[in-house]
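Under the working numbering, the sequence shown has 1342 at position 468, and the numbering climbs by one with no breaks. Glycine is no exception: its CB is placed at the ideal position from the N, C-alpha and C atoms. These numbers come from a predicted model, not from an experiment. Structure, as C-alpha cells:
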Amino acid sequence: MLSALTGAALADDLQTVGDPESLGFSAKRLARITSWFEAQTKKGDPSGFVVGIARGGKLAYLQPTGFEDHDRKSPMRPDSIFRIGSMSKQITSVATMMLVDEGKLELDTPVAQYLPELKGMQVVRKDPATGDPILLDLARKVFEPAKRAMTIRDLLRNTSGLVYATGDYADPGFGNAAVHLLYGARAPFRRDKPIASFVASLGTLPLLHQPGEVWEYAIGYDVLGRVIEVVSGQTFEQFLQTRLFAPLHMVDSAFSVPADKLDRLVAVPGAQPTPLSDGDVGKPQTFFSGGGGIVSTVPDFLRFCQMLLNGGELDGVRILKPETVRLMTTNSLPSDMHVAGHEAGPAFGTGWGLGFAVRTNPDFSLIPGAVGGFNWQGSWGTFFSVDPVQKLILVMMMQRSQYSENGFFFNAIRRLPYAALKVPEAPAPILSEPLNPAPLTDYVGHYDFGGSASSLDRQALVADGRGWTGLESVAVEKGGLRVIRLADKGPTARAGVMAGDVIAAIDDKSITGLTLEATLGRISGPVDAAIKLKIIRATQSDPLVVAFPREAVPAHSVALQVRVADGKLVVEATGQWSILDFDRGRRTPVAIRSKDEFQVEGGDRTRLAFTRDAAGKVNGAILNPGPWEQRGTLANMEN
C-alpha cells in the first residue's frame, strides 16, 4: 500500500502516464476502461470522452476516445476543453476557503455582512398539514422572519434556504414548485449581467427554507462568487486566475475559451448552447458563475484534485491549510438534517461537506471507495472522485445536453477503475492433510455480488429494505414524470408502462409541481409494498392506471456464472460489469487451491471461495477472501 500523505508536498507527476502495474493497477483491466468508452462513442451522444486516473500523485491513465466534434470528425485530445457545469462549485468552495484561511472571511458570519442587499430576507411559510410552501394564497400571511441569518457556511453546505430556479442548468430536477418559478421570473441567470446585478435581484425574493434546516441544491455558489469579489477587491474571474488557476498551473481553466484554444472546445452533440447559457463559452463572459460557468480539462482538474488529496498543496504551492481541506471533505450535515424531497436526512451513505459530497458509510454509498472519499459531477457530463485511502483520483469528462442519463456513464468511471486495482496476493495455503476436493458440480450456479465491479469498493444498489420499481431514468416535466428508460422485464415494464409515458399521479396523489427528489421519494418504498401509477400516454385519450408491488432489487451489476467444462471449473462474468480476472462473455478456468477455494492461474490470480450452509450445501461465493473480499449469494443452480 502507498504511504500516507504528509504535510510536505509530494513529488507529483501528473504529466506523463506511468507504469500502471507499479501504481497497483492491472494493465489488462485498465484496458477495459478504454474498450468500454470506445463502445459508447459509437452511439454519437456523447461523441467522445477523456478519462484520467491518478494514484499516489502519479498519472496512471489518461485516455481520449471519440471526437471533440462528431460532425467535423475532429478527434478528442487529452487536453480537450469541456464545460464542467457544477464541478465549478468545488473551485468556488476552494476560493472561498482560501479567504477563510487568510482571516478575511468567517464561516458563521451572516452573508449580509458582506452583501447588505441580502439583509432581512424572509422565509416562505409552510402549510402545517402538508409541508408545502404557501405562496399564492393572499388571504394568509405567506412569509415569516428567518430564525437566523444565512451564513457563509450555509452557502457552502446548501443549507441557506436559497433554491435554483426551474430550468437552471437545464435541470428539471431543481423543481417546478411555485417558489422555483418565482426565482426564475425575478432573478433569472443573465449571462450578459454581472454577478452583482444577479445578487441584488435575490434580495427581493424569499428563502424557501429556514437557514440551516434543509439541504437543497442551490445558487449559493453564485452568491459566494460575489462575496469573493467584495472581500478580495477583484472580479471573481481575476481572483480565480491569479490566486488559484495560475499557481496550480491549471492552464486551460477559465470562464471562457480564448480564440487560440477554440479548436479544443468540445461540441455538445445535438444542441447549441444558447447565448445566455453557461455553455456559450466561446467569448468573454460578464456573469462569472461560481455554480456552473467554468471550463476546464481533465489534466487541469487532476491537478486541482491532487492539491486537495495532498492536503491543500501541490508542487510546493500551498493553496489551503490541511485542516481546512479536512473540514471541507468531512460531512457537515447532522444526521437529522432534512434533505429537500426526502422524508429522512442524509441517505445512501453520502453526506455533504463544504462544497463536496462525502462518503459516510463503509459498505454502501453513492460515492465509490472509502469513508471520507469525496466527489461531484456536472450537468454537461463531467465527474470526479477522490479516494484518500487509496490515494486515487478519477476524472471523466464528456459533453451532453440531456443530463438525465449521465448516471449511466458516471457508473462506469465509478466502478471500472476500482475493478482494475490489483488485489494483494495471498500466500499459498498450508494443508495439514491431503486435499480431498468436492465434486465440481457442487459449485455450479449463478452468483450475484451486488452493485460493485470491485472487491475493494462494496457498493449496494439501494438502501436496505427499499423496493425496486424498474424505473431506470426519468425526468420532471410540466405534467408529471416522463419515463425515459425502463429496466427490461422490471416491475413497471411488466405492468405495461412504456418509455415516453408520463406518470401524473402516485398512489392517487398528483405529482404535478413536485421536484424530482420529492417524486422519487414517493416512488421509493419497502419491498412488497404496493404502488399505483396514473399514466398519461400520447397515443391514448384516457389515462391508464397500473398497480404492482415493489420488488427486491436484482443484484445484477456484478454476477458470475460457474460451470464445469472439460473437467475444470470455469467462471464467466454475466452481469453489467467484468470483475477482476473474470470477463463478460469469456469463460475463465480456475484451479483448485484448497477445500472450496479456487484460483485463476496467471492474470491477477483472482481467488474464488465457496461458502456452505449448515447442511453442507454451497450457498454463496467470496471473491478474494480477506480485507478486500466481496461476497455473493447463490441465486440459482444451473440445471
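Residue j and residue i - do their beta-carbons sit closer together than 8 Å?
i: Ile1410; j: Gly1319; result: no
i: Leu1122; j: Arg1177; result: yes
i: Gly1035; j: Pro1085; result: yes
i: Gly1500; j: Ala1214; result: no
i: Val1037; j: Ala986; result: no
i: Leu1454; j: Arg929; result: no
i: Pro1463; j: Val1444; result: yes
i: Gly1246; j: Gln1264; result: no
i: Leu1139; j: Ile958; result: no
i: Leu1118; j: Ile965; result: yes
i: Phe1230; j: Phe1162; result: no
i: Gly1227; j: Thr1204; result: yes
i: Pro952; j: Pro1173; result: yes
i: Phe1129; j: Ile1168; result: yes
i: Trp1342; j: Glu1425; result: yes
i: Gly1058; j: Leu992; result: no
i: Gly1395; j: Gly1364; result: no
i: Lys1408; j: Ala1367; result: no
i: Ser1206; j: Gly1223; result: no
i: Ser1452; j: Arg1031; result: no
i: Phe1495; j: Gly1506; result: A small correction: the amino acid at residue 1495 is Ala; Phe does not occupy that position in the sequence shown. It is a contact, given that the beta carbons lie within the stated cut-off.
i: Asp1402; j: Pro1423; result: yes
i: Ala1294; j: Phe899; result: yes
i: Asp1382; j: Ile1405; result: no
Alpha carbon to alpha carbon, how far is residue j from residue i? Give it in angstroms, no decimals.
i: Asp1440; j: Arg1461; result: 12 Å
i: Pro1236; j: Val1199; result: 21 Å
i: Ser962; j: Ser1253; result: 11 Å
i: Asn1498; j: Gly1399; result: 34 Å
i: Thr1480; j: Val1297; result: 8 Å
i: Gln1108; j: Met1372; result: 53 Å
i: Leu1201; j: Gly1099; result: 20 Å
i: Thr908; j: Ala1286; result: 11 Å
i: Lys1096; j: Gln996; result: A quick correction: the sequence has Asp, not Lys, at residue 1096. Taking the straight line joining both Cα atoms gives about 20 Å.
i: Asp886; j: Lys1135; result: 26 Å
i: Ala1302; j: Ala1465; result: 13 Å
i: Val856; j: Leu981; result: Since the first residue of the chain shown is 875 and the last is 1513, residue 856 is not available in this structure.
i: Gly926; j: Glu912; result: 15 Å
i: Pro984; j: Gly1459; result: 59 Å
i: Leu897; j: Trp1502; result: 17 Å
i: Ser948; j: Arg1359; result: 31 Å
i: Val1053; j: Val1088; result: 15 Å
i: Asn1050; j: Thr1386; result: Any answer about Asn1050 is weak, because its pLDDT of 49 lies below 50 and its placement is not dependable; what the coordinates show is given next. Approximately 8 Å, taken between the alpha carbons.
i: Arg1065; j: Phe1323; result: 48 Å
i: Val1260; j: Glu1187; result: 15 Å
On the CB-based measure, 16 or more other CB atoms within 10 Å of its CB, does residue i come out buried or exposed?
i: Glu942; result: buried
i: Lys917; result: exposed
i: Asn1384; result: What sits at residue 1384 in the sequence shown is Ser, not Asn. Result: exposed.
i: Gly1225; result: buried
i: Glu895; result: exposed
i: Val1492; result: buried
i: Ala932; result: In the sequence as presented, Ala is not what sits at residue 932; that position holds Lys. Looking at its Cβ environment, which holds 16 or more other Cβ atoms inside 10 Å, Lys932 is buried.
i: Thr890; result: exposed
i: Arg1027; result: buried
i: Gln1414; result: exposed
Under the three-state reduction of DSSP, which class applies to residue i: helix, strand or coil?
i: Ser1034; result: coil
i: Trp910; result: helix
i: Gln889; result: strand
i: Ala901; result: helix
i: His1054; result: helix
i: Lys835; result: Absent from the model: residue 835. The displayed extent of the chain is 875 to 1513, so no value can be given.
i: Tyr1321; result: strand
i: Pro1301; result: coil
i: Leu981; result: coil
i: Ser1452; result: coil
i: Ile1168; result: coil
i: Ala1465; result: strand
i: Ala1545; result: The requested residue 1545 is not part of the displayed model; the chain covers only 875 to 1513.
i: Phe1161; result: coil
i: Gly1353; result: coil
i: Leu1360; result: strand
i: Phe1017; result: strand
i: Glu1090; result: coil
Please decide whether residue i counts as near chain B, where near means a Cβ-Cβ distance under 8 Å.
i: Val1172; result: Going by chain labels, chain B is absent from the structure shown, which holds only one protein chain.
| task | Entirely within the segment 1215–1283 and at least 3 residues each: give me those beta strand (DSSP E) ranges in chain order. | result | 1224–1226, 1231–1233, 1248–1252, 1256–1261, 1266–1271
| beta strand (DSSP E) segments (min. 3 residues) lying fully within the segment 1362–1420 | 1376–1380, 1404–1410
| Mind pulling the beta strand (DSSP E) runs of 3 or more residues that sit fully within the segment 902–979? | 922–929, 932–943
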